[in-house]
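Novice: Just so you know, the sequences run in chain order F and R. At position 79 of the first sequence the residue is numbered 79 (UniProt numbering), and the sequence of numbers has no breaks. At position 292 of the second sequence the residue is numbered 292 (UniProt numbering), and the sequence of numbers has no breaks. Cβ coordinates follow ideal geometry from the N, Cα and C atoms, glycine included. First the structure, which I've put down as structure tokens, then a few questions once you've had a look.
Protein chains: 2
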Amino acid sequence: MSPPRVVIVGAGFAGYQTARTLSRLARGAAEIVLINPTDYFLYVPLLPEVAAGVLEPRRVTVALPDTLPGVRLVLGEVNAVDLNARRVRYVDPEGNPGELDYNRLVLAAGSVNKLLPIPGATEHAHGFRGLPEALFLRDHVTRQIELADATDDLVDRAARCTFVVVGAGYTGTEVAAHGVLYTDELARRHPRLDGERPRWLLLDIAQRVLPELDPRMSETADRVLRGRGVDVRMGTSVTEVRKDGVVLTDGQTVPTRSLIWCVGVRPDPIVADLGLKTVKGRLLVDEYLTVPGHPDVFACGDAAAVPDSTRPGEFTPMTAQHAVRHGKLVAYNIAASYGQGTRRPYRHRELGFAVDLGGKDAAANPFDVNLSGPAAKLVTRGYHLLSMPGNRVRVAVDWLLDAVLPRQGVQLGLLPAHAVPLDNDAPELVRTAR
Amino acid sequence: MSPPRVVIVGAGFAGYQTARTLSRLARGAAEIVLINPTDYFLYVPLLPEVAAGVLEPRRVTVALPDTLPGVRLVLGEVNAVDLNARRVRYVDPEGNPGELDYNRLVLAAGSVNKLLPIPGATEHAHGFRGLPEALFLRDHVTRQIELADATDDLVDRAARCTFVVVGAGYTGTEVAAHGVLYTDELARRHPRLDGERPRWLLLDIAQRVLPELDPRMSETADRVLRGRGVDVRMGTSVTEVRKDGVVLTDGQTVPTRSLIWCVGVRPDPIVADLGLKTVKGRLLVDEYLTVPGHPDVFACGDAAAVPDSTRPGEFTPMTAQHAVRHGKLVAYNIAASYGQGTRRPYRHRELGFAVDLGGKDAAANPFDVNLSGPAAKLVTRGYHLLSMPGNRVRVAVDWLLDAVLPRQGVQLGLLPAHAVPLDNDAPELVRTAR
């Protein structure tokens, strides 16, 4: 009898961890296949540092073939799951269809940019979920400062020097914090800007930055951002996005060429197509992370609605910490399903959060101890290095170089805006046709 | 009276050096404007190391605003020169037209991929002049190994594991030498390839690799390449390129998805449009690097046919060494033209060549001393670090990391093939429309 085939859809935090843990547990007792559009696991929390030019893009990737021995990687985007036939269909990087039968299925498709019905957002806002989007933003921001330097039209210059971030969660806060440091440094190298300082706005309908985290972390982030001149406007969002500006909920129009959309995430749309029960787009699972009525189908990470044992009736939030622990548990429970060990329910304990604010600043609350400044910075960077499943030396070296050398301020111009649309089911891929 | 405006077209070796030298000489006595499609000087000799994943792409760029104080950068591609009106027309990165008047003009537009009338080459071959092309190749080669691993079709697998480089000059030789090391390392990480070793072919109609350099350097390169299993076929070229293979001049068909076009360079087409006298597409200049009949127009680098003082009746070859020295001389002669110093004719002496062959190998002949192995490697890397006008620490650190860590083997999938066509007047830019 051949070993059962476990097909894992998606190599984000949850899927990667499932594959990694299962490859250690199984030792040949299961055939593990991982389907993912890219050949790397992306360490998403460091994307803002890619956008600000601190880290090279490959630094935040971990090659799947190198770090998952015994796991077969199939490059492709899953577009259909046939639960009755136990088969997954996908499209490979050259556009050819493929399919895979499974004995156990793990749906860890992750999340994509959250869209809101705001006129013009889909056309003119730039998302921030994948590496192509972060690289587009790095090039775009750099180019805006250069074009501001080149123009003699002061209105145009001001618009190009204005950057608006919508959404003051983890991502938006870090993007604004790193972004303002980067554009300040660029502006100093462009003497024709004549001291005009690039302007960053950070908007959120919530009343404080980092609304989902501890209020003391919000205070730290707010203080650091305002200290750098970021225009932090809470209780404010956008009602319209135009090519040359945004209209705010308070009626004001802000001329800008840069609207960075960090409004949050929604589960990958593949989940909604399954015809199974979902909660806000997430696939409902039981405490063992199996889909009710389908004991061979597991879901985890952002794509799964996992009951939160600490808050009855609620579901675990869409964070990397949960995704990692979901992934490990799914691996254990799959091993149990074919006789290795016994299955367990999902339990968790918050370990705290870490927000890198660029420069020497950060906000962190490891094990409920609130930190700011260099202490938080140390904890944050240490946390990231420990959390990355590979490539740590290169990341640490880039941080070291950034501390001692001037930041590189060039745009490679690799990605046109239409290659990274906001309305994108696969932000990890570059869209090649308009 | 306002100082004369010097407009320099192109920031390759020649144009960059003109701007740099003139900014030191002029000290405000001239207004210096540099027009270039990118905001960086590209250190082209290290592109093969970008394609093989040794160096990050930004490492081989030097930001123009940072390293050329007092020089105004205009981002744009020059599309017309009006010699009578003394005006240059260009298109900016957003597609808008612009124009600049000049008192002195320096044409340093450089070169692009050389095309040959071989059926299918324009459609299926991949060029190697700009950073986008090098990054495309890195992604493409990586993806071919991954797709070879994924397929069970042995014919398809063999084609994907075959890489053909046409042109055994400096670039092609380095691309093949670095490429075979990279794909060997990738293949080791893909156990499903079952020991199938990627195959590299290096073709040239010449009778030896590096035909323009000293025969002892050819011997070194040939020995190293063959030692690594590269199929070196001299006196051979391609007669047809298809999507799935190439036909060689000996009639053999080689199935491959990868034809890398390193046939040489031709001057940027802008030069031919001027209506001035050219030699093989290069703008003819006198020994002072001025255009006959146009004392205010200078040309240098690959775009200029400069009389070779050591070989009467011939012109200096299209090398970086000449371009750098052209650029310096143009700066001196422009300064002389408005009264700083006296103009000088072009004289040069060969300093030798350095070819990096990857791993611990290189071939170099500094001051006519022939070196191979680690000694040549040291000279070659030292030469590059000294020749780069910036970013040396980052390049040295990447080399160090590559020596001690496994090479990163991921493809970011940033560039589709149609974004970097071989038939490209501006290989430094990504073509955004099909």
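For LEU22 (chain F), decide whether its Cβ has a neighbour in chain R, counting only Cβ atoms nearer than 8 Å.
Specialist: no
Novice: To be precise: take each residue of the region 167-194 of chain R, compare its Cβ to all Cβ atoms of chain F, and keep it if any distance is under 9 Å. Which residues remain?
Specialist: For the region 167-194 of chain R, which is checked against every Cβ of chain F, the residues closer than 9 Å are LEU186, ARG189, HIS190, PRO191, ARG192.
Novice: Note down, in chain order, every chain F residue with its Cβ under 9 Å from the Cβ of LEU401 (chain R).
Specialist: In chain order: VAL393, ARG394, VAL397.
Novice: By alpha-carbon positions, which one of F:LEU351, F:ALA335, F:ASP222 ends up nearest to ARG344 (chain F)?
Specialist: F:ALA335
Novice: For ARG325 (chain R), which residues of its own chain have a beta-carbon under 6 Å away from its beta-carbon, when the five flanking residues on both sides are left out?
Specialist: HIS348
Novice: Go to ASN333 (chain F), then tell me how far its beta strand (DSSP E) extends in each direction, as first and last residue.
Specialist: Looking at the DSSP string, ASN333 (chain F) is not in any beta strand (DSSP E); the run it does join, the alpha helix (DSSP H), is 320-337.
Novice: Show which residues of chain R have a CB atom less than 7 Å away from the CB atom of GLU56 (chain F).
Specialist: GLU56, ARG58
Novice: Could you tell me how far apart the beta carbons of LEU422 (chain F) and GLY15 (chain F) are, in whole angstroms, since I believe they sit closer than 8 Å?
Specialist: At roughly 24 Å, the Cβ-Cβ gap does not stay under 8 Å, so LEU422 (chain F) and GLY15 (chain F) are not in contact.
Novice: Do you know whose CA, among F:ALA30, F:CYS300, F:LEU259, lies nearest THR122 (chain F)'s CA?
Specialist: F:LEU259
Novice: Does the beta carbon of GLU146 (chain R) come closer than 8 Å to any beta carbon on chain F?
Specialist: yes
Novice: Measure the CB-CB distance between ARG208 (chain F) and ASP222 (chain F) and report whether it falls below 8 Å.
Specialist: yes
Novice: Could you tell me which whole beta strand (DSSP E) segments of length 3 or greater appear in the region 264-323 of chain R?
Specialist: 265-267, 282-284, 294-299
Novice: Write down every uninterrupted run of the beta strand (DSSP E) in the region 334-364 of chain F whose length is 3 residues or greater and which is fully enclosed by it, in chain order.
Specialist: 354-356, 362-364
Novice: Is THR380 (chain R) close to chain F? Criterion is C-beta to C-beta, closer than 8 Å.
Specialist: Not one beta carbon of chain F lies nearer than 8 Å to the beta carbon of THR380 (chain R).
Novice: To which residues of the same chain is LEU203 (chain R) closer than 6 Å at the C-beta, ignoring the five residues directly before and after it?
Specialist: VAL166, ARG233, THR236, SER237
Novice: Measuring only between beta-carbons, confirm whether ALA159 (chain R) sits less than 8 Å from chain F.
Specialist: no
Novice: Return no unless some Cβ of chain F is closer than 8 Å to the Cβ of ARG27 (chain R).
Specialist: no
Novice: Please state the DSSP three-state secondary structure of HIS190 (chain R).
Specialist: Under the three-state reduction of DSSP output, HIS190 (chain R) falls in the coil class, being neither helix nor strand.
Novice: If we call anything under 8 Å between Cβ atoms a contact, is LEU83 (chain R) one with HIS418 (chain R)?
Specialist: Judged by their CB atoms, LEU83 (chain R) and HIS418 (chain R) are not nearer to each other than the 8 Å cut-off.
Novice: Quick check on ASP423 (chain R): does DSSP put it in helix, strand or coil?
Specialist: coil
Novice: So what does PRO255 (chain R) bridge to, in DSSP terms?
Specialist: R:GLY245
Novice: Determine, using beta carbons only, whether ALA80 (chain F) comes closer than 8 Å to chain R.
Specialist: no
Novice: DSSP on VAL404 (chain F), reduced to helix/strand/coil?
Specialist: VAL404 (chain F) falls in the helix class under three-state DSSP.
Novice: Would you list the one or two residues that DSSP bridges to VAL112 (chain R)?
Specialist: DSSP lists R:ARG266 as partners of VAL112 (chain R).
Novice: Run the CB neighbour count on ARG434 (chain F), radius 10 Å, all protein chains shown included, and call it buried at 16 or more, exposed below.
Specialist: Residue confidence is low: ARG434 (chain F) scores 41 on pLDDT, short of 50, so the model does not pin down where it sits. No coordinate-derived value is stated.
Novice: Report yes or no: is there a C-beta of chain F within less than 8 Å of the C-beta of GLY413 (chain R)?
Specialist: yes
Novice: Measuring CA to CA, which of R:LEU429, R:LEU385, R:TRP399, R:VAL285 is closest to GLU49 (chain R)?
Specialist: For the residues R:LEU429, R:LEU385, R:TRP399, R:VAL285, the minimum Cα distance to GLU49 (chain R) belongs to R:TRP399.
Novice: Closer than 7 Å by beta-carbon distance: list the chain F residues that pair up with TYR40 (chain R), in chain order.
Specialist: VAL410, listed in chain order.
Novice: With a threshold of 7 Å on Cβ separation, who are the neighbours of THR414 (chain R) within its own chain once the five nearest residues in sequence on each side are excluded?
Specialist: Note on identity: in this sequence residue 414 (chain R) is Leu, with Thr being the wrong assignment. In its chain, beyond the 5 residues on either side, LEU135, ASP139 have a beta carbon closer than 7 Å to the beta carbon of LEU414 (chain R).
Novice: Output the distance between the C-alpha atoms of GLY264 (chain F) and ASN96 (chain F), rounded to the nearest integer angstrom.
Specialist: 32 Å
Novice: Do LEU75 (chain F) and PRO37 (chain F) have their CB atoms nearer than 8 Å?
Specialist: yes
Novice: Tell me which residues share the same chain as ALA367 (chain R) and place their Cβ nearer than 8 Å to its Cβ, disregarding the 5 neighbours each side in the sequence.
Specialist: With the sequence shown as reference, residue 367 (chain R) is identified as Phe, and Ala is not the correct amino acid for it. Answer for PHE367 (chain R): LEU351, GLY352, listed in chain order.
Novice: Can you pull the chain R neighbours of ASP66 (chain F), defined as C-beta to C-beta under 8 Å?
Specialist: ARG189, PRO406, GLY409
Novice: What residues in its chain sit with their C-beta under 6 Å from that of ALA80 (chain F), if we drop five residues either side in the sequence?
Specialist: ARG89
Novice: Span of the alpha helix (DSSP H) holding ASP149 (chain R)?
Specialist: 131-150
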